[in-house]
Amino acid sequence: MNFILRFFGHMHTINAHRHKVIRNCFCAGIPWRGLMHDLSKYSPTEFFNGVRYYQGMRSPNEAEREDIGYSRAWLHHKGRNRHHFEYWTDYNPITKRQEPVKMPDVFVAEMFCDRVAASKIYMKENYNDAAPLGYFLNAKARRIIHPETSELLESWLTMLAERGEKETFAEIRRYLRRKL
Numbered sequence: 011m012n013f014i015l016r017f018f019g020h021m022h023t024i025n026a027h028r029h030k031v032i033r034n035c036f037c038a039g040i041p042w043r044g045l046m047h048d049l050s051k052y053s054p055t056e057f058f059n060g061v062r063y064y065q066g067m068r069s070p071n072e073a074e075r076e077d078i079g080y081s082r083a084w085l086h087h088k089g090r091n092r093h094h095f096e097y098w099t100d101y102n103p104i105t106k107r108q109e110p111v112k113m114p115d116v117f118v119a120e121m122f123c124d125r126v127a128a129s130k131i132y133m134k135e136n137y138n139d140a141a142p143l144g145y146f147l148n149a150k151a152r153r154i155i156h157p158e159t160s161e162l163l164e165s166w167l168t169m170l171a172e173r174g175e176k177e178t179f180a181e182i183r184r185y186l187r188r189k190l
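Taking the numbering used here, the leading residue of the sequence shown gets 11, the next gets one more, and so forth.
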């Protein structure tokens with residue numbers, strides 16, 4: 011695939027993803043998080059690596075990892091976007107190790123919105139409301155995430171699979187109103 015096709019394909023993918031996240035965040039009652047979502051994807055580090063490794067059916071970060079052993083774009087992205095659980099690791103002065111930190115609820119809600127949008131973008135017509143939960147559970151044992159963060163996200167993904175978007179977004183709004 012030539013540069014022009016990869017450039018516009020990647021641009022279309024990140025724009026479509028952002029628009030779905032924005033919609034989801036409005037439904038979840040966190041519109042500002044939606045508007046601010048993934049703006050770092052337009053930075054040169056993330057955007058041009060995304061173009062270089064664009065394939066259209068999966069994250070270009072996976073192809074970059076296969077090529078060079080890690081993803082520069084992902085390392086840049088996760089360090090600037092608080093809706094990724096990978097952002098929330100820090101040095102624990104007691105254990106002297108890097109450990110997961112509990113995420114603030116608003117970023118867990120944005121992470122939920124992000125995962126639903128990403129599933130829709132990459133799965134296209136094969137998407138159903140159980141897909142984001144399946145993706146989450148598939149890697150659960152390998153994920154380094156604070157247990158309370160994982161439990162909250164999984165509860166919302168389970169609700170989505172069982173009751174659909176309308177009820178789940180309403181529950182997220184109620185939950186955040188109680189917490190904020």
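Cβ coordinates follow ideal geometry from the N, Cα and C atoms, glycine included.
Run of the alpha helix (DSSP H) containing residue i, from where it starts to where it stops
i   : result
P70 : 70–78
Alpha carbon of residue i to alpha carbon of residue j, nearest angstrom
i    : j    : result
E109 : R90  : 18 Å
S129 : P142 : 6 Å
S53  : M21  : 12 Å
H93  : P157 : 16 Å
P41  : N34  : 9 Å
I182 : I104 : 34 Å
N138 : L162 : 20 Å
M169 : A149 : 19 Å
CB contact flag (residue i, residue j, <7 Å)
i    : j    : result
I32  : G44  : yes
V118 : T159 : yes
R68  : D48  : no
Nearest to residue i (by Cα), restricted to the options the options
i    : options                : result
W84  : T178, E72, D77         : E72
F13  : V61, F36, P41          : V61
W98  : K106, I104, R107, K88  : K88
F179 : R188, E172, K189, W166 : W166
F122 : Y64, I78, Y145         : Y145
Residue range of the unbroken beta strand (DSSP E) whose run includes residue i
i    : result
Y101 : 99–102
Counted within 10 angstroms of its Cβ, other Cβ atoms place residue i as buried (16 or more) or exposed
i   : result
N59 : buried
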